[in-house]
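Visitor:
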Amino acid sequence: MPEKEMRCIICPAGCVLRLSYDADGPALLALSGADCTRGREYAEQELTDPRRTLTSTVKVRGGRFPLVSVRSAAPLPKHLLRPAIALLRDLWAEAPVEAGSVLLDDILGTGTPLLATRAVPSQAIKSAMIAL
Amino acid sequence: MEPTLKTDIAVIGGGPAGLAAAVAARAAGAERVLVLEREPVAGGILNQCIHDGFGLVRFGEALTGPEYADRFLRAAQEAEVQILTETMTLELTAERRLTALGPQGLFAAEAGAVILAMGCRERARGAIQIPGTRPAGIFTAGTAQHYLNAQNLMPGRRALILGSGDVGLIMARRLTLEGAEVLAVVEKLPYAGGLARNIAQCLEDYDIPLYLSHTVTHIEGKQRVERVTVARVDEAGREVPGTARVYACDTLILSVGLIPENELSLKAGVKLSPVTGGALVDEDLQTNVPGIFACGNALHVHDLVDYASAEAEQAARSAVAFCRGEAALPPGIPVRPAAGVRYVVPFFARPGSRPLLSLRVSAPAGPGRLVVKAGEQVLAARKFTRLLPSEMARLTPRLPVPPGAAEMEVLVSDA
Numbered sequence: 001m002p003e004k005e006m007r008c009i010i011c012p013a014g015c016v017l018r019l020s021y022d023a024d025g026p027a028l029l030a031l032s033g034a035d036c037t038r039g040r041e042y043a044e045q046e047l048t049d050p051r052r053t054l055t056s057t058v059k060v061r062g063g064r065f066p067l068v069s070v071r072s073a074a075p076l077p078k079h080l081l082r083p084a085i086a087l088l089r090d091l092w093a094e095a096p097v098e099a100g101s102v103l104l105d106d107i108l109g110t111g112t113p114l115l116a117t118r119a120v121p122s123q124a125i126k127s128a129m130i131a132l
Numbered sequence: 001m002e003p004t005l006k007t008d009i010a011v012i013g014g015g016p017a018g019l020a021a022a023v024a025a026r027a028a029g030a031e032r033v034l035v036l037e038r039e040p041v042a043g044g045i046l047n048q049c050i051h052d053g054f055g056l057v058r059f060g061e062a063l064t065g066p067e068y069a070d071r072f073l074r075a076a077q078e079a080e081v082q083i084l085t086e087t088m089t090l091e092l093t094a095e096r097r098l099t100a101l102g103p104q105g106l107f108a109a110e111a112g113a114v115i116l117a118m119g120c121r122e123r124a125r126g127a128i129q130i131p132g133t134r135p136a137g138i139f140t141a142g143t144a145q146h147y148l149n150a151q152n153l154m155p156g157r158r159a160l161i162l163g164s165g166d167v168g169l170i171m172a173r174r175l176t177l178e179g180a181e182v183l184a185v186v187e188k189l190p191y192a193g194g195l196a197r198n199i200a201q202c203l204e205d206y207d208i209p210l211y212l213s214h215t216v217t218h219i220e221g222k223q224r225v226e227r228v229t230v231a232r233v234d235e236a237g238r239e240v241p242g243t244a245r246v247y248a249c250d251t252l253i254l255s256v257g258l259i260p261e262n263e264l265s266l267k268a269g270v271k272l273s274p275v276t277g278g279a280l281v282d283e284d285l286q287t288n289v290p291g292i293f294a295c296g297n298a299l300h301v302h303d304l305v306d307y308a309s310a311e312a313e314q315a316a317r318s319a320v321a322f323c324r325g326e327a328a329l330p331p332g333i334p335v336r337p338a339a340g341v342r343y344v345v346p347f348f349a350r351p352g353s354r355p356l357l358s359l360r361v362s363a364p365a366g367p368g369r370l371v372v373k374a375g376e377q378v379l380a381a382r383k384f385t386r387l388l389p390s391e392m393a394r395l396t397p398r399l400p401v402p403p404g405a406a407e408m409e410v411l412v413s414d415a
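If you're matching them up, the sequences are chains A and B in order.
In terms of our numbering, the first sequence opens at residue 1 and continues consecutively.
In terms of our numbering, the second sequence opens at residue 1 and continues consecutively.
1. Going along chain B in order, which residues have a C-beta closer than 9 Å to the C-beta of residue 63 of chain A?
2. Residue 301 of chain B by DSSP, collapsed to three states: which one?
3. Any idea what DSSP makes of residue 78 of chain A, helix, strand or coil?
4. By the three-class DSSP mapping on this structure, what secondary structure does residue 120 of chain B have?
5. What residues from chain A crowd round residue 25 of chain B, counting only those whose CB sits closer than 7 Å?
6. Considering residue 90 of chain B, what are the terminal residues of the beta strand (DSSP E) in which it resides?
7. By the 10 Å Cβ neighbour count, where 16 or more other Cβ atoms means buried, how is residue 32 of chain A classified, buried or exposed?
8. Quick one: what's got a C-beta closer than 7 Å to residue 50 of chain B's C-beta in the same chain, skipping five residues either side?
9. Would you list the residues sitting across from residue 45 of chain B in a DSSP beta bridge?
10. Excluding the 5 residues preceding and the 5 following residue 146 of chain B in the sequence, name in chain order all residues of the same chain whose CB lies nearer than 7 Å to its CB.
11. Check whether the region 371 to 380 of chain B touches the region 298 to 316 of chain B, taking contact to mean three or more Cβ pairs, one atom from each stretch, closer than 8 Å.
12. In whole angstroms, what is the alpha-carbon distance linking residue 21 of chain B and residue 107 of chain A?
13. Can you give me, in chain order, the residues of the region 54 to 78 of chain B that have a beta carbon less than 9 Å from any beta carbon in chain A?
14. Let's see if you can read the secondary structure: which residues bound the beta strand (DSSP E) around residue 70 of chain B?
15. Decide if residue 103 of chain B is buried, meaning its Cβ has at least 16 other Cβ atoms within 10 Å, or exposed.
16. Looking only at its own chain, which residues have a Cβ that is under 7 Å from the Cβ of residue 131 of chain A, when we skip the five neighbours before and after it?
17. Closer than 8 Å, CB to CB, is residue 53 of chain A near chain B or not?
18. If you draw a straight line from the C-alpha of residue 402 of chain B to the C-alpha of residue 352 of chain B, how long is it?
19. Rounded to a whole number of angstroms, what is the C-alpha to C-alpha distance between residue 67 of chain A and residue 385 of chain B?
20. Could one say the Cβ of residue 9 of chain A lies closer than 8 Å to chain B's Cβ atoms, at least one of them?
21. Can residue 250 of chain B and residue 158 of chain B be called in contact, C-beta distance under 8 Å?
22. My guess is that residue 82 of chain A and residue 177 of chain B are in contact by the Cβ rule of under 8 Å, so how many angstroms apart are they, rounded?
23. Taking the alpha carbon of residue 162 of chain B as the reference point, which residue from B/151, B/240, B/29, B/194 has its own alpha carbon closest?
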């Protein structure tokens, strides 16, 4: 019965989870080290279908800022993160962009939309001053 | 200059702490609440922290930085907080008069109470003294993050990251996803500076090696960074001979610590702690200057924004009470970090109070107990399995500070 350790990434506590699992499936058989019930959910998910939320940026035309920050509405299969980022490289949003607006209906056939995480109003900043 | 603006509460800085303070001040009954924000939009550093994981404690969901900021921006709007953007506060006096420069020019304001919420700055190359040439291509992690996430500029193609603070870890992942090659993250200490979850999801997910007890010993390059030398260090932080390795790269990212921003505070006569770099506050988060309060990363560097917001709300309630002229109390007794504890905020607590203590351990500890004592009396003892210097612990003693106590102590004990 294979065993492995993983770090739960659900919350800042970062529990070290110790799993034993059935490699066929794969299926979780036993778990220790989780301080809460979300640890088990995470371990099961990570073992069978690891997913991560995609966060990145998309270029904006005519906006006050050159980029709008974006996220996938739900976590995506981990292996799709890089292809999804590549997809965003050719994507443009038109200002004004509302926070929460859908910029892509379906990321790579997952059924998960891509959402803007902030608003970008129209017009460029009048001064060229770049605030760090 | 005659004050042209009068306000009950002036909040300096419109980041997560400042916005939370402003909303809480209105909720506590302050009529006029003014936020002075240097950037074109409020929200502070959250606007460039596009990754998720914010708000897990406060909202029970993993928000991105902009989403977390947006909740407070909306709340501030609903609460009719006045936010002055593109407004740089130039001076603050002990009498709570402010001079600021905004789009309309120079102006003065007068506040019933002031809340310091300026956030923090990153330590840069100058602070850590790396030998070598001075080429382009050396960025603090936050600057690289601003280039990438706000300006659509790629900082470099082959990067090495010095320091394992959270922003550095986040940037390792971000640069990788954007097509750069991140060779390694190098940490001088024998343990990581950032959260374990960030080691897992930013480094392990992308097979980026983390070298503990290693540091950058030399930088080479004429116009641009060309090579960076990394070596192992011993327990005293000295280079171990024969362990140097040279990395060919064009970028060095520094994630080597944060320092509370307090130039304004100093001018107002606010006394700072040499350990935290923030104000020496009492249990109400009031500084040594009456009517001036501090919170968020300007007070001490937090691990989670959720706690910075909560702390700001506490400062706001105290500031509103001060404005109402609630009687000034006698000064409190010192709260001292003892065995295993690097710092404790607040620095003073009054007898009768049960102050919320925020603290960090000086080295990884546990399992053990966090103990709060006044003389021989134990005010609180809490078991923990592990505590890392990268995590802030928060603890409210079960018992109030006893009258007549000379000082309080917070320590880590084994049992």
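Here a beta-carbon is modelled for each residue, glycine too, at the ideal position from N, C-alpha and C.
Guide: According to the data block:
1. In chain order: nothing, as chain B lies at least about 11 Å away.
2. coil
3. helix
4. strand
5. Chain A residues near residue 25 of chain B: none, gap ~25 Å exceeds 7 Å.
6. 88 to 92
7. exposed
8. 64, 65, 66, 149
9. The partner list for residue 45 of chain B (beta bridge, DSSP) is empty, contrary to what the question assumes.
10. 48
11. no
12. 38 Å
13. 56, 57, 62, 63, 64, 65, 66, 67, 69, 70
14. Careful: residue 70 of chain B lies outside any beta strand (DSSP E), inside the alpha helix (DSSP H) at 65 to 78.
15. exposed
16. Because residue 131 of chain A sits at a pLDDT of 45, beneath the cut-off of 50, its placement in the model cannot be relied upon, and the point is left open.
17. yes
18. 6 Å
19. 43 Å
20. yes
21. yes
22. 7 Å
23. B/194
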